[in-house]
Amino acid sequence: MSSRPGTNLTRAEAQRRAALFSDISYSVALDLTGGDATFGCEAVVRFHCSEPGTSSFIDFLAASLDRVELNGKALDQEGFDGGRIDLPALALENELRVVGRCSYEHTGSGLHRFADPVDGAVYLHTQFEPFDAHRVYPCFDQPDLKGTFDLAVEAPAGWVAVSNTAALARPGDGRAGRWVFAPTAVMSPYITALVAGPYNQVEDRHQEIDLRLYCRQSLARYLDADEVFEITKQGLSFYEKAFGYPYAFGKYDQLFVPEFSAGAMENAGCVTFHESFIFRSKVTEAARERRAEVILHEMAHMWFGDLVTMRWWDDLWLNESFATFMSVLSQVEATRFTNAWTTFANSFKSSARRQDQLPSTHPIAADIPDVESVHLNFDAITYEKGASVLRQLVAWVGQDSFLSALSGYFRSHEYGNADLSEFLEALEKGSGRDLDSWSKEWLETAGLNTLRPVLDLDVNGGQYRAVTVSQEAPEQWPTLRSHRLAVALFDLSADGLVRRRRAELDVVGASTDVKELAGDPAADLVLVNDGDLAYAKIRLDDRSLQTVTDNLHQLDDPLARALVWGAAFDMVRDGEMPARRYLTLLASNIHGETDIGVVQSLIGEAAAAIDTYGDPANVAAAYGTWAARCRSGVDGATPGGDFQLAWARAFIGAARSPADFTIVRGLLDGDVPYEGLEVDTDLRWFIVTALAASGNADAALIDAEVERDPTDMGRRHAATARSARPTAAAKGEAWSLVLEDTTQPLATLRAVMGGFQRADQAELVRPFAARYFEMLESVWSDRDIDTALALARGLYPRVVIADDVVAMTSDALARESLPGPVHRILLEGKDQMERALRARKVDAAG
Ligand SMILES: [Zn+2]
Numbered sequence: 010m011s012s013r014p015g016t017n018l019t020r021a022e023a024q025r026r027a028a029l030f031s032d033i034s035y036s037v038a039l040d041l042t043g044g045d046a047t048f049g050c051e052a053v054v055r056f057h058c059s060e061p062g063t064s065s066f067i068d069f070l071a072a073s074l075d076r077v078e079l080n081g082k083a084l085d086q087e088g089f090d091g092g093r094i095d096l097p098a099l100a101l102e103n104e105l106r107v108v109g110r111c112s113y114e115h116t117g118s119g120l121h122r123f124a125d126p127v128d129g130a131v132y133l134h135t136q137f138e139p140f141d142a143h144r145v146y147p148c149f150d151q152p153d154l155k156g157t158f159d160l161a162v163e164a165p166a167g168w169v170a171v172s173n174t175a176a177l178a179r180p181g182d183g184r185a186g187r188w189v190f191a192p193t194a195v196m197s198p199y200i201t202a203l204v205a206g207p208y209n210q211v212e213d214r215h216q217e218i219d220l221r222l223y224c225r226q227s228l229a230r231y232l233d234a235d236e237v238f239e240i241t242k243q244g245l246s247f248y249e250k251a252f253g254y255p256y257a258f259g260k261y262d263q264l265f266v267p268e269f270s271a272g273a274m275e276n277a278g279c280v281t282f283h284e285s286f287i288f289r290s291k292v293t294e295a296a297r298e299r300r301a302e303v304i305l306h307e308m309a310h311m312w313f314g315d316l317v318t319m320r321w322w323d324d325l326w327l328n329e330s331f332a333t334f335m336s337v338l339s340q341v342e343a344t345r346f347t348n349a350w351t352t353f354a355n356s357f358k359s360s361a362r363r364q365d366q367l368p369s370t371h372p373i374a375a376d377i378p379d380v381e382s383v384h385l386n387f388d389a390i391t392y393e394k395g396a397s398v399l400r401q402l403v404a405w406v407g408q409d410s411f412l413s414a415l416s417g418y419f420r421s422h423e424y425g426n427a428d429l430s431e432f433l434e435a436l437e438k439g440s441g442r443d444l445d446s447w448s449k450e451w452l453e454t455a456g457l458n459t460l461r462p463v464l465d466l467d468v469n470g471g472q473y474r475a476v477t478v479s480q481e482a483p484e485q486w487p488t489l490r491s492h493r494l495a496v497a498l499f500d501l502s503a504d505g506l507v508r509r510r511r512a513e514l515d516v517v518g519a520s521t522d523v524k525e526l527a528g529d530p531a532a533d534l535v536l537v538n539d540g541d542l543a544y545a546k547i548r549l550d551d552r553s554l555q556t557v558t559d560n561l562h563q564l565d566d567p568l569a570r571a572l573v574w575g576a577a578f579d580m581v582r583d584g585e586m587p588a589r590r591y592l593t594l595l596a597s598n599i600h601g602e603t604d605i606g607v608v609q610s611l612i613g614e615a616a617a618a619i620d621t622y623g624d625p626a627n628v629a630a631a632y633g634t635w636a637a638r639c640r641s642g643v644d645g646a647t648p649g650g651d652f653q654l655a656w657a658r659a660f661i662g663a664a665r666s667p668a669d670f671t672i673v674r675g676l677l678d679g680d681v682p683y684e685g686l687e688v689d690t691d692l693r694w695f696i697v698t699a700l701a702a703s704g705n706a707d708a709a710l711i712d713a714e715v716e717r718d719p720t721d722m723g724r725r726h727a728a729t730a731r732s733a734r735p736t737a738a739a740k741g742e743a744w745s746l747v748l749e750d751t752t753q754p755l756a757t758l759r760a761v762m763g764g765f766q767r768a769d770q771a772e773l774v775r776p777f778a779a780r781y782f783e784m785l786e787s788v789w790s791d792r793d794i795d796t797a798l799a800l801a802r803g804l805y806p807r808v809v810i811a812d813d814v815v816a817m818t819s820d821a822l823a824r825e826s827l828p829g830p831v832h833r834i835l836l837e838g839k840d841q842m843e844r845a846l847r848a849r850k851v852d853a854a855g
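Taking the numbering used here, the leading residue of the sequence shown gets 10, the next gets one more, and so forth.
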């Protein structure tokens, strides 16, 4: 497959340029006043070249080039391919001048342009990782060519412009004019940034650091600045102390920007966030915890990522797993979210385990030959598994020596780049441990081990003769690893399910004897990995499974419960336990769950156990039981509390009978039988979508709701609701919109796809399966990479869980014309489908 011009860069090309260039500075002037399709760019790039006379290139994805001058001489741009400017016969010191026009984007990459449908106001933001800075200005767009960046922006009246540094000059009194920013410290192009538009601004200060929050005017009333600032200050204090290195980028701005394509982005001193982190409606404490985690994740990158940067995308994992690990640690140590390790066990680690069992899994330390390949590596191996493995490493070397090693690492590599070996070297120096075999086991091999307790009882069954932990590995990834973990024994008593004994040990190889537990009375529950330091799948023995089915609600340690919930769901996914048995465990114990994040995950898993892993013949009955359980959850919850909201949403999602829909419809019409439940904007949309998907809402109801909420969010919710309607016509409209209307922003396409596939609409989606496999190559060649990947993923007929779809997927996988990233998406889709088919059989037999 050939790439689109200017959208790919190989590692070899990057290494060559890194050897050639140094002392880079960018002086960039952007004109944002000339129309809504393109903007003007004038740039001067100065750089040193170590091999005068040689030729190279600079990345610049421009709509048009007006003038290119290298060292005072105009360069002919006849051969400009729209993505790279050739640089012939370079001098020792070079000055490149470029004048051109670039396109505004609507995919969330480059300079994204958004017009607010409510007031027509235009908001811009940049997003450059991994390889999109050159959609805005000419640059050597790779992480290890750092430069200084000074930016000037010509902006319309009423706008503010925000970049990595403070503004030195700005137009007075909201007039149109020029914003000039202070030159930056040296940094990688992918963390430079510009946000511009009539943004609302809130200010605060933390010691010497100016803090600001920005969001669009129409969201300003929902922004809870106090809480965001509180987490920000707690994080800055924590990191400065933990890293023994002061914050390096002067001011710290955080901006909530429309149609953002990811969760957040760590631009130095100018962090961008998805607007869903501004809460328009009531959310639970789990959403606030999640937002705090994201704030702290991006902040950790200011040191690890921005100050010291990976040399190439091979080490993206180090960047991301580090930030993920640190964000959870800082939550626990510096904020009110002291249970964040439970969320880590419940949510982060379960995503990692899922991804690690796909055929596309890869070693944490990845081989990234070009930037196109990195797009799919922003995955749960890179973030969540990497963070799990780091947690295990920190437990092994000790947190203090880990942090002091980091401090040395930041000092030795400040404003530069480093790779994995330099990171490990710093840790070895700090801890005195040899990390070579750790790195081989954990970073350089893929796959997930399963740990099982094997209990050898005496003749009466009252005492352990031996307790062993057996370790298994999948056939394709046969590595057995070393795990530092604890095995705990719990007994049922008048005080509940109580931990009696805990033995900490190294589990190594296929079978490890837990010597400390030999001779102990047999326990009601044996929990491998108590405390959750290890990264592995854990299993429950039969007696333990029976104990937790009846009594998990009596275990008062939320982390231990999260481990049990995770183990049980893994057993369902692996066909070791019928889905209906899991649903029984859940229904009998969820009332004892005190962690709202865990409850919300379990509600999602209940739906997956019914729709995906359960016997299709049992779906109607299972939903009947589950919906009733959800209603009693709402009835029993504290009015106005988080659990009431979580259970109300669960009930709306589980409703299948006419009687249930009468209640759901009543909620929308103001007939709310639950004291304290506020049916606010987001909950209304959730209801409208559920009614639409079940055929209980016509187009007029959806239209009426958009009239109440005419924002772009409202319009996207409406798009989801429309495509969720259970008719062939609605599915056909959704399909055409996504594939044929190229004027829609990617955010809208995602919303449409979100409604297109519903678990209970397999028969309506089925006719599109063949069309899906036919269109993959053309979508790849006709659409930009972000859109092509989103369509390949979002339209894969995942709800049509059937042998013929597996066969169609296999046929498509055999095509040579299939692009590599799409190949990976199909491979994953097929694997998930085969897993579901196996689990369904177990449930049908069970
Ligand atoms: Zn990150």
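For each residue, glycine too, the CB sits at the ideal point set by N, CA and C.
{"Query": "Using CA coordinates, which residue listed in A497, A512, E453, V496 is at the minimum distance from L489?", "Result": "E453"}
{"Query": "Using DSSP's beta-bridge definition, name the partner residues of D515.", "Result": "R493"}
{"Query": "D718 and T690 look like a contact to me (Cβ under 8 Å); what is the Cβ gap, rounded to whole Å?", "Result": "6 Å"}
{"Query": "Return helix, strand or coil for K394, following the three-state DSSP convention.", "Result": "helix"}
{"Query": "What I want to know is whether the C-beta of T318 ends up closer than 8 Å to one or more non-hydrogen atoms of ligand 1.", "Result": "no"}
{"Query": "Any residue with its C-beta under 5 Å from a non-hydrogen atom of ligand 1 counts. Can you list them all in chain order?", "Result": "E329, A332"}
{"Query": "What residue range is occupied by the uninterrupted alpha helix (DSSP H) comprising M335?", "Result": "325–343"}
{"Query": "Quick check: what's the CA-CA separation for L18 versus L325?", "Result": "16 Å"}
{"Query": "Given a cut-off of 9 Å, decide if D323 and I377 are closer than it, judged by their beta-carbon atoms.", "Result": "yes"}
{"Query": "If you measure between the beta carbons of V673 and G679, is that distance less than 9 Å?", "Result": "no"}
{"Query": "Of all the options T281, T391, N355, which has the alpha carbon lying nearest to the alpha carbon of T333?", "Result": "T391"}
{"Query": "Taking the runs of the alpha helix (DSSP H) that are 4 residues or longer, which of them lie wholly in the stretch 648–703?", "Result": "651–663, 667–678, 690–702"}
{"Query": "By Cβ distance below 8 Å, which residues in the same chain neighbour A435 in space, the five residues on each side in sequence not counted?", "Result": "A414, L415, G417, Y418, S421"}
{"Query": "Spell out the partners DSSP gives S112 in its beta bridges.", "Result": "T47"}
{"Query": "Assess contact between the stretch 777–797 and the stretch 817–835, defined as three or more Cβ pairs (one per stretch) separated by less than 8 Å. Is contact present?", "Result": "yes"}
{"Query": "Does H283 pass the burial test, meaning 16 or more other C-beta atoms within 10 Å, or should it be called exposed?", "Result": "buried"}
{"Query": "When you compare the CB positions of G662 and A699, do they come within less than 9 Å of one another, or not?", "Result": "yes"}
{"Query": "Output the distance between the C-alpha atoms of D769 and V808, rounded to the nearest integer angstrom.", "Result": "8 Å"}
{"Query": "Could you tell me the boundaries of the alpha helix (DSSP H) in which N598 lies?", "Result": "588–598"}
{"Query": "Answer with buried or exposed for T752, where buried requires no fewer than 16 other C-beta atoms within 10 angstroms of its C-beta.", "Result": "exposed"}
{"Query": "Okay, do the stretch 722–729 and the stretch 753–765 touch, 3+ Cβ pairs below 8 Å being the bar?", "Result": "yes"}
{"Query": "Count Cβ pairs between the stretch 100–108 and the stretch 72–83 that sit closer than 8 Å; are there 3 or more?", "Result": "yes"}
{"Query": "With DSSP run on the structure shown, which of helix, strand or coil describes T1?", "Result": "Residue 1 cannot be examined here, being either before or after the span of the chain that is shown, 10 to 855."}
{"Query": "Can you grab the Cα-Cα spacing for the pair F578 / S359, in whole Å?", "Result": "9 Å"}
{"Query": "According to DSSP, is P139 helix, strand or coil?", "Result": "coil"}
{"Query": "Taking only the alpha-carbon atoms, compute the straight-line gap between S12 and L120 and give it to the nearest angstrom.", "Result": "Because S12 carries a pLDDT of 49, less than 50, the predicted location of this residue cannot be relied on, and the following value inherits that uncertainty. Spanning the two alpha carbons is a distance of roughly 21 Å."}
{"Query": "Suppose you measure from the CA of A321 to the CA of A626; what does that come to, to the nearest Å?", "Result": "For clarity, residue 321 is Trp in the given sequence; the question names Ala instead. Those two C-alpha atoms are separated by around 50 Å."}
{"Query": "Pull up the CB-CB distance for V535 and S553, whole angstroms please, since I reckon it's below 8 Å.", "Result": "5 Å"}
{"Query": "Looking only at its own chain, which residues have a Cβ that is under 7 Å from the Cβ of S448, when we skip the five neighbours before and after it?", "Result": "L433"}
{"Query": "Buried or exposed for Y146, please, with buried defined as at least 16 other CB atoms from any protein chain shown within 10 angstroms of its CB.", "Result": "buried"}
{"Query": "Name the two residues that bound the continuous alpha helix (DSSP H) containing Y223.", "Result": "Segment 218–224 is the beta strand (DSSP E) holding Y223; no alpha helix (DSSP H) there."}
{"Query": "Starting from the C-beta of D40, find all residues in its chain whose C-beta is less than 7 Å away, skip the five residues before and the five after it, and write them out in chain order.", "Result": "F48, G49, E163"}
{"Query": "If we call anything under 9 Å between Cβ atoms a contact, is G244 one with D262?", "Result": "no"}
{"Query": "Provide the residue span of the beta strand (DSSP E) that contains V715, from first to last.", "Result": "No beta strand (DSSP E) holds V715; the alpha helix (DSSP H) holding it covers 708–717."}
{"Query": "Got a sec, what are the start and stop residues for the alpha helix (DSSP H) D812 sits in?", "Result": "812–822"}
{"Query": "What are the partner residues of C58, as DSSP defines its beta bridges?", "Result": "F30"}
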